[in-house]
Structure formats: C-alpha cells, structure tokens
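S.K.: Residue numbers (the working numbering), protein chains in the order written: chain V, -4 to 253; chain U, 487 to 1304. If you scroll down you'll find the structure; I have some questions about it.
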Amino acid sequence: MSKYILEAVDLIRQYKQYDSVVTAVNHVSLKVEDGEFLAIMGTSGSGKSTLLNLLAGLDRPNFGSVTIRGTDITKLSADKLSRFRGEFTGVVFQKHNLVPQLTALENILVPTIMCNKPDHQYQETLKKLILSLKIGNRLGHLPSELSGGQQQRVAIARALINRPQVLFADEPTGNLDRKNADEVLELLLETRKMMGMTMIMVTHDMTIADKADKIYMMDDGKLYLYKDKQGYYKNTYEVQLQAEQEKNAPKAREPWQG
Amino acid sequence: MKLLDSVKRDVKLTLKTIRFEFPRFICFFVVLFLLQGLFCSILTLYSNNDRTQLDYLESEYRAPNGELYHLKLLGCNETQRAILHNFDMDQEEEKEIFTLLGADITQTTDGLHRQFDLYVRFEGDVEESYQTFRARYSYALSEQGQYVEETTLLLSYELEQAANRAVLILQLTLVVVLGALAVWMLHSIMTNHYKFTYGVYMSFGANFLRLFRTSVWEMIWAALFTWLPAVGVANLICWLLFRNSGLGFAISIGGCLLTLLISLLTVCISVFASIRSVSRKPPVRHLIADDNSNLIRSPRHSASLVDSTFPGSIARLSFVRFRKYVLRLLGMALSFAMLFVGLITLSNCYQRMLDTPRPLYQVDFAVPMYTSSSTDAESDGNAGDAGEDAVSDTPASSDEAAPDGSDSTSDSGSDSEEVDYASYGYTDAISEVFAEIPHLGTVLKESTYPARALHSHIRLDESAAKIGAGGVSLSQDGTDWRYQMNVNYQSLDSEIIRSFEFLGYGIEGSLESVLTEPGTVAVTDSFMGSVKFDWEIGDVIYVAKVSGSLSDAQKVEQSMLYVTDEDQILLAYMQQCSYEYTAYTIGAIISDMPTEDSWSVFFSPDEYETVTGYEPVYESVKIYAKPDVTEAEEAEIYEWLRKAELVYDNLSVTDLHARLSKQIDENKNYSGVFTLFAVVLLLISAIVWLISQILFYVKRRGEFELYLAIGAPLDSIRKLFLQDALLYACFGAGIFALLAPFVSWLIHRAIGYVTIFIGGEMLASFRLPVVPYLIGIAVCALCGFVSTMLPYLTYKKQGSPFHWEPSETSDQEETVNE
C-alpha cells in the first residue's frame, strides 16, 4: 500500500473567460503522506483555492488525477464522489459557509445527516469537538447570532464530525482578526493532532504556514516546494520560478525584426 | 429503526427550512394548492358523474320486477313470449347469456289479443351476449311476427365507463404532466437561487438521493399543508356545480386521498428532475455563487456604467446580458399562459358540442343493394304514392300506407335488373308523412358516396388547401394543383338545406344556388375537427371521372387493397387511369359540420346522379325535436315513430337516448373542468413571473448598489427598472400574441386525435377564443411589467432606495444565467 494518502498527478484546471482561456492550475503534481500537515501559499489569483477544490473533490480537473487512499476521485461519478467526500474528507471554507437556517449544532451535524450516520457513531466525536472548540454554550444559536470566530469554530467542527482522513482548509482564518485567528488555528491544529488526520491548508500567512510539515508555493497555476522536513528551499524556489518566468517571457526582438 | 431515524431527521431539517425561509416556499404552497384543487375537482366530478350516471340509468331501465334490464322487446305476441321463455330455460347455467326478467302485458288495438313488452338482462360481457342473442334468437322470434327491439344505455354502460375512465386518466395525466412541469420550473428557479445550501450539503457528502430526499420532503410538506384546504375548496366548487344542476352530491373520500397521492407523485417527478441537474454539477459551482458576492464579472459592461448613456444602454444590455435567464423566464411563464388559451379553446369546443342539437331517433330504411344496372331501372312500386295516402296524425294501416315493404325487402340483392332505387329509403312521400311527427325539429337525411368508391377525386387550386389538408400536390401547365380523394359526394335538396339551418351550421354564400344554378356546389371547409381549406365563393373545383375503361381503375383498386396511405392510392390511380375533369363553382361554404377524416361536396340531386351514377337514396334519417321539448313530448315523438314502425315494415327506429346522453355529458362538465384547468394555469404563469423576477432582482441588488456607489444617479436606477419592465411586457405580450394561436391549434389537434383514439366523439372544429386570447396578452404584458416593478417598489418602500446591506446571497451574472 502506498505511503501517500493523497496523490495528485499533472492536474490542469482551465476556465473560459470571454474569448480567452485562463489556466488556474497548470500541470500540478503533489504527494501527501498520511498524517502530514501541508500548507499552500501564494498570491491572490495564483490558483491555490482552485487546487484545493480539485484535491478535495469539490471541482473536476480538465486533466490529471487525484488519488485519495487508493481511489482516483476524478474517475468517480458525481454521486460516488459526494459519498466519498462525506466519508473521507472534511472542508473548512474561508467564508464559513454555514447554512443560515440551521443552528450551530445542526450545522455541525450536517455531514452526519448527509451521510446517514446513526447517532452512536458521532456522539463521542461531537462531545470532544464541542469541548475542544469551546462552543458548548452557542450550540442553539443561528449563524447570524455568532461572531466570526465562533462561526469558524462551528465550521471546523462540521468539517471534523465525520472524522475525515484528510482535512482541507481554505484560508480558515482569513476572515478573522489576529487574536481570533491564532485561537482558531490553535484549536484546529490541536484537534487535528487529537484525531490524527492529514491536513492541507491554503493560507497567506507565513506564521501559520510555518507550523506545517511542508510548504508549497503557488504561482501562476504552478506549484513549487518551499519547505519540507529538511528545511527551506527558498533559493531553489526562486531559481525555479525565475527559470519558469524566463522560459515563458517573450524573446527579445532582433533589430531586423522591427 | 435506522430508516425511521433518518426520516425523523429529514422531517426536522425540512420543517425547519420551511419555517425559516417561508417566503421562498409561498409559491409552492400556492401552486400545490391550485394543483391539488384541480386534481380533487376532476376526481370528485368523475366520481359524482359516475354515480349520477348510474343512478339515471338504473332509474330509467328497471323491469317490472325491479331488476335492471338491457333490452326491451316491444309488441311481442304470446308465441314469441313462450319461445323466449323456453330459450331462457334451455340455457346451460354456466353459459347463460340472458335472463328474461318479466313482461308488461297490454291488449292489441283490436282488443282481441294480448301483447307483451319483454325485459331481458344480459349476463357476462353484456355487449357480447347481446350480439350472441341477436345471432341465435332474433330470427326465430321475428319469424313469429313483428316486434321491436329497444336497447338501453345500460348495454353500452361498461363501454361508456371505460371511455370515461380513459378521459379521466387523460385529464389526470395532463394535469400531472403540466403540474410537474410547473413545480419543476419553480423548483429550478429556487434551487438556482439557493444553490449555496445544496453546495454545502454536497461538500459534506450529500449525493443525488440525499439531496432529493431533502428537497422532496420540503415539497411533501408543502403538499400536505395545502391538501386539506385544496380538497375543501375543490369539494365546495363541485358541490356548487352539482347544486346548480339539482343533482345529489357526495364527497369522494377516495378522490381526496387519491389527490394527495397524485400530488405527491407530481412533486416527486418535478423535484427529481430539478435536483438531478443540481447534483451533477461540482459543489464548487454552487458555492462560488456566494464567495464572489457583489461582484459584476463583466468588466466590459462595468466600464460603461457611468457614461452618458446610462441607464439606457445598461438596461438594454441587462436584457442581453441575462439572456439565458430571460429566455427561460419567458419560456416558462408564456408556455403556461399559452396553455390557458389552448384549454379555453377546448372548453369552448366541448360547450359547442353540448349546445349542438342532438338527434333523438334514427330511422333506417331497407334498401336493396346497388348493382351496376340499377341506374336505368324503371320504377315498379311507388312508395311515394302509398306514403301520400298515409298522411295523417298517425300512420294509417299498413294496407293503405305501407310502400309495399315486404316486396321491397324480398327484392333486395336478388332481383337487381328492375330496381328503382328512388322509390326506396326516405322518399319525398315518406318525408310528407314524417312532417306530421309531433314537435318535430327536423329530419336530417344523407345520401353519400365516397370519391374513392368511384375511383374519383377532386382537383383544386393549391392555394385553397391549408396545412394538414393532405392530398397530392402536382404542377401542371404552370398551375399548382392539389388532388384529394378523402372527399364524399353528397346530395343536397331543400329539405337538407332546412336541416342545416336548423342545426346551425355556419353557411357562407347561398346553398340554394346549388339547386338553382347548374355547375354549382357547396363544400365543407374542415375535417378531423379543424379547418383545412381556405375556400372563397366563386372558387372552382374539378371533379374527376374515369374517362377510359373502368378495368384499369379496378386493377389499381385490387393492387392497392392492403395500402392504407390514401395519397399513395390516389397517385396510383392518377398514373394508371385517364380522367376527365368537370369544373364546379363553389356557391356555398359550410363550416362547423361534424366530419371525420373526409370533407364533403354537395351537389344538386341531378348533378349527384351525374357524378356518382346513382340517384340519391336516403337509407337512414335522423329525427331532431324542436328546441326545449319536454320529456313527455319526446315520448310522443317516439310513440308516433313506433306506430310508424309497425305500419311500414321497411323501416326500423332506434332510440339514440339523446336526452339521457346529453344530461350525462352535461354532468361530465368537460367545459367547466377545462376552464378551471385553464384559469389555474394562468395563475401559475403569473406566479412564475412574480417569483422568478422577485428572486432575480433580489440577487441583483448588489449590482445596483455598485452602480450607485460609482456615481449613477438614483433616478437612473428607477429608469433602469422601468425600461426592463417595459421590455418584459412587450416581449411577453408579443411572443404570446404570436405563438398562442399556434399552440392552441396544436393542443386542439392533439386532444382531437387522442379523443378519437380512445373512442370518443370528434371535437368541434378549432376556433380561437378571442376574449381569452386578449386576456392572455393583457396578463402577459401586465405580469411582465408588474413583476419587474414590484421589487423596485418594495425596495423603495423599505426607506431610502437601494440602501441594501451588502448581500450574502447576491449572485453574479453567470450564476444567474445558469
């Protein structure tokens, strides 16, 4: 059995915008080991959220494959992929994406309802999550009655309630102030550790990324390794990036070319 | 247990959604209320009609012993009674086809003998048993003397029931399909506007089945909440309908329960279709609608926001920018409005059919078979003279009045060389006798010869034939001709003209001209219930007659025995036979005449003989009473005809049960049901306009905020709404005005074909109802305008216009377009 819980090979995702085609993810390959915490960084519009959506099975690539626990999710039908997401993955969105008409508790339980999980299968996890995320006193409130930090904690609990094997987080603290962001991140990391799951996080924040086992940089749809257990590859990344930019830059015109 | 748990969770989740977001479910409550009301009305009317129809028949057809009978044998003598009794006794129990129920005993007019009216009930398949009875026993009975067979409507009751059931199923299917379409459209609009929630559910494992269960429960709740009010209102309407007609009314519990079942089926079908498309898209497509709120994706359009042409160009652009949405909205809303006109057309057709006078009785005359030598035959018996003698209040004795019927009958078929057909059937002399029938409206006679039977056809100008007229088109000597064989040649005389006037057929030109001007004919303009010809008075048609040997035509006839395509047969005739064409000028055009798959050309009797080779012979006539005759007066007519039947042994009378069948048709109230149906569809159309537009503009509020933020004046937003509203109104009304007549015609044709397929009556010809058509145009224009201005007025009412909070759910152009 492969030691990688997630393998992405040669992913391409393009969008049509009017007359032109934008390549948001350009030939990206990635391997993630079981229990690893991986951070993806990059500037706005570099394609990191799109990549995360592809890895989480929330979107389909134009080309390439994503294999999670030996299952190529790009080959699954829409129905099977939904079921797979419910069983194996959890997602924390930047904007929380809580269902407005449901209370905090009901929002947390959405994945269990969607996967038809019986009560006894998640009661224990629910208690742990409520305790560790400190949301016990807000369970009966609607999202609109919660603060941003509380909403994000509810969103984290929702992502973890089914005990996913891989957790995808898209700038989970992007909408929070520093204090709240630190608090939520701590809780997320602790909970991840407690549950022993793999996490792939998209972030702008280097202090958050620094806590990851590996950091990848995304630029113009391409993915570069920036840090791993051996240390930083800042120079290597910059060299790779420069080489790539030179390759793509238009060649200087000779004088006779006008 | 797990299932119960899961259902409990679904119920809780969906109830909560409905409670929290009740406004978005209002349209479903309204639509399901209307649909369930319609389902329940149809079922309740059917159940009550079924009951009242049976009640009628059972009260009408009871033998002296109180049992129901299918056949009455009138005027039997002692021997006939004994024979029938013996036949009844001799039947094996398991193969019993009839039971003799009893007899009414009367004295003959001379007071010397007893006369019996025998009551017979058929067993098993009553239709089949009746045929067996006729085959086995009628001859034996008739050998013992004259008697009259009178069948009852109970005999065809089961067939009638089957037809009623077929119509019910057809109506329900139509309502289910249209209902499912309406709920699907509204549900699609809703899922498109609220797809964020579905995106979240899908991100956390919801597959199609899971989403379907969630959504269908929402709709089931809507159906359950509206069920009781809907069946209540439906039963109230039905009760009022029945109370007005003075009939007893009973609430149909089965109908009410079936209403719920059908509405659940309807919501399942519609939610299935709508959720299927949602579940096939990746969740990110649903989530992104929220993530990019308040953004206008089109930089090209955004760039021109503050230029001098604002808001005119923007408004026009928005109609183009959201073209997919506009097309979808117009498609949905207008299709329901068009169905409104289509169904009102049907309703009018049924009402016209109901208002058309119905023949009470049919009188058939025994006429010998036609033979080739018959045309030159001389008269050897004069029924006319005898008939003239018989003119009196009631027919005189057979010795005086009978047109030597026994001889005539024995002549038929065997002695062909000297048969004068003009002396048979409904002659002028008989006509004079029949004129004495009390309360008589008219006697409709018909002498018809199909063109195909004569190897003949009609040639007409191509421009006179409309779409669907069929036939063969050929160009000759620079003229485009249409050749048609699906035509009947009919004879016309002054009595028939009077009948047509009595029946209220639409007549353009003068029917008398056919009789007074040689070479003039009258034509019908439709068949299969729709107008197929665009005739004008003075147009010329050409009647084809085989000019050469008939053997060529007979060969074609033989070779085409198994060919059903009339045009192919006609082409074969035209290729292999030579024809001479005689021109006839159209002097009158008859519309509204019920026709099946052929149209008719009416000739004067002389021309008829020239064209067909035979004098007109009227083998059967239909008796119509004056309008508003009472039941007792109808009975008088029947009594008169029965006496005539005993006097003239070459005629037989059949009761067509017109009063009863009209009463039954009135109770079916198809016209009312279709009108109700049409009104419901128009309301649904209005709901589609309102809901769709309100949600659409709520989604766009962020866009307007942005316009204001970057310098557009407030008034320009109002103008933008106004311009959009006018565009919607114009497009809505315009497209409706153009397409509604065609859609109505299409519905009329489709229902016409289906009705014939299930053995029903031919629909009355297509006529676009002008007032509902204008109402449709007005409603489309009004809905287009109001549904666009309403969101603006609502926002304005909320205080300072366009001070909306940044939207959590507002959408971008492409998302709205999906």
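Beta carbons are placed, not taken as given, at the ideal position from N, Cα and C, and that holds for glycine.
1. Between which two residues does the alpha helix (DSSP H) containing U:Tyr687 stretch?
2. So, U:Leu654 versus U:Ile528, is the Cβ gap smaller than 8 angstroms?
3. Strictly under 8 angstroms for the Cβ-Cβ distance: is V:Leu128 near chain U by that measure?
4. Could you name the residues of chain U that V:Asn111 contacts, counting a contact when the two beta carbons are closer than 7 angstroms?
5. Helix, strand or coil: how does DSSP classify U:Ser884 here?
6. Got a sec? Which residues, its chain only, sit under 6 angstroms from U:Ser1273 by beta carbon, not counting five neighbours each side?
7. May I ask you to list the residues that DSSP assigns as paired with U:Asp1020?
8. Determine the contact status of U:Val764 and U:Ile944, defining contact as a CB-CB distance below 8 angstroms.
9. Would you decide whether U:His772 is buried or exposed? Buried here means 16 or more other CB atoms lie within 10 Å of its CB.
10. Would you decide whether U:Val1007 is buried or exposed? Buried here means 16 or more other CB atoms lie within 10 Å of its CB.
11. What residues in the region 673 to 687 of chain U bring their beta carbon closer than 9 angstroms to a beta carbon of chain V?
12. Is the shortest distance between the beta-carbon of V:Pro167 and the beta-carbons of chain U less than 8 angstroms?
13. For V:Met190, which three-state DSSP category applies?
14. Under 8 angstroms, Cβ to Cβ, is there at least one residue of chain V near U:Lys502?
15. Relative to the alpha-carbon of U:Ile512, which residue among U:Gly552, U:Glu704, U:Asp541 has its alpha-carbon at the smallest distance?
16. Against chain U, with Cβ distances strictly below 8 angstroms, would V:Arg78 count as a contact?
17. Quick one: using the 10 Å Cβ neighbour count with 16 as the cut-off for buried, is V:Tyr227 buried or exposed?
18. So, for U:Thr1161: in the same chain, excluding its five sequence neighbours on each side, which residues have a beta-carbon less than 7 angstroms away from its beta-carbon?
19. So, is the C-beta of V:Ala73 closer than 8 angstroms to a C-beta in chain U?
20. Excluding the 5 residues flanking U:Lys1314 on each side, which residues of the same chain have their C-beta closer than 6 angstroms to its C-beta?
21. Looking only at C-alpha atoms, which of U:Asp841, U:Thr500, U:Arg696, U:Thr752 sits nearest to U:Asp1114?
22. Against chain V, does U:Asn780 count as a neighbour if the rule is that its beta carbon must be under 8 angstroms from one of theirs?
23. Thinking just about the alpha-carbon of each residue, which of U:Trp707, U:Glu1105, U:Gln1061 is nearest to the one in U:Glu502?
24. Say whether chain V places a C-beta atom closer than 8 angstroms to the C-beta of U:Val770.
25. Since I believe U:Phe826 is in contact with U:Ala1267 (beta carbons under 8 angstroms), could you give me their beta-carbon distance rounded to a whole number of angstroms?
26. Over what stretch of residues does the beta strand (DSSP E) that includes V:Asn92 continue unbroken?
27. Report the rounded CA-to-CA distance for V:Gly216 versus V:Leu25, giving the unit in angstroms.
28. Note down, one range per segment and in chain order, each beta strand (DSSP E) of at least 3 residues found wholly within the region 576 to 663 of chain U.
29. Would you report the Cα separation of U:Arg495 and V:Ile108, rounded to the nearest angstrom?
30. Would DSSP call U:Lys558 helix, strand or coil?
31. Between U:Thr1219 and U:Ile1263, which are expected to be in contact by the criterion C-beta below 8 angstroms, what is the C-beta distance as a whole number of angstroms?
32. Give the residues of chain U in contact with V:Asp205, contact being defined as C-beta atoms less than 9 angstroms apart.
33. With three or more beta-carbon pairs closer than 8 angstroms as the criterion, would you say the region 108 to 125 of chain V touches the region 518 to 534 of chain U?
34. Count the CB pairs spanning the region 133 to 146 of chain V and the region 59 to 79 of chain V that are closer than 8 angstroms, and state whether there are at least three.
35. Can the beta-carbon of U:Gln976 be found less than 8 angstroms from the beta-carbon of U:Glu932?
36. Look up U:Glu1247 in the DSSP assignment and say whether it is helix, strand or coil.
M.R.: In terms of the structure at hand:
1. 681 to 689
2. yes
3. no
4. Ser492
5. Only weak support exists for where U:Ser884 lies, its pLDDT of 36 falling under 50; the value from the coordinates is given anyway. DSSP places U:Ser884 in helix when its eight states are reduced to three.
6. Trp1175, Leu1176, Gln1179
7. The partner list for U:Asp1020 (beta bridge, DSSP) is empty, contrary to what the question assumes.
8. no
9. buried
10. buried
11. Phe682, Thr683, Gly685, Val686, Tyr687
12. no
13. helix
14. yes
15. U:Glu704
16. yes
17. exposed
18. Ile830, Ser833
19. yes
20. Outside the modelled stretch of chain U, which goes from 487 to 1304, sits residue 1314 of chain U, for which no answer is possible.
21. U:Asp841
22. Note that U:Asn780 scores 37 on pLDDT, short of 50, meaning its location in the model is unreliable; the coordinates nonetheless yield the value given after this. No, U:Asn780 does not count as interfacial toward chain V.
23. Here residue 502 of chain U turns out to be Lys, not Glu, going by the sequence shown. Comparing Cα-Cα distances from U:Lys502 to each of U:Trp707, U:Glu1105, U:Gln1061, the minimum goes to U:Trp707.
24. yes
25. That belief does not hold up - the Cβ atoms of U:Ala1267 and U:Phe826 are roughly 14 angstroms apart, past 8 angstroms.
26. From DSSP, V:Asn92 is part of no beta strand (DSSP E); its letter is neither H nor E.
27. 13 angstroms
28. 584 to 593, 600 to 608, 634 to 637
29. 7 angstroms
30. strand
31. Note on residue identity: the sequence assigns Ala, not Thr, to residue 1219 of chain U. At roughly 5 angstroms, the Cβ-Cβ gap stays under 8 angstroms, so U:Ala1219 and U:Ile1263 are in contact.
32. Those within 9 angstroms of V:Asp205 in chain U number zero; the least Cβ separation is about 27 angstroms.
33. no
34. no
35. yes
36. coil
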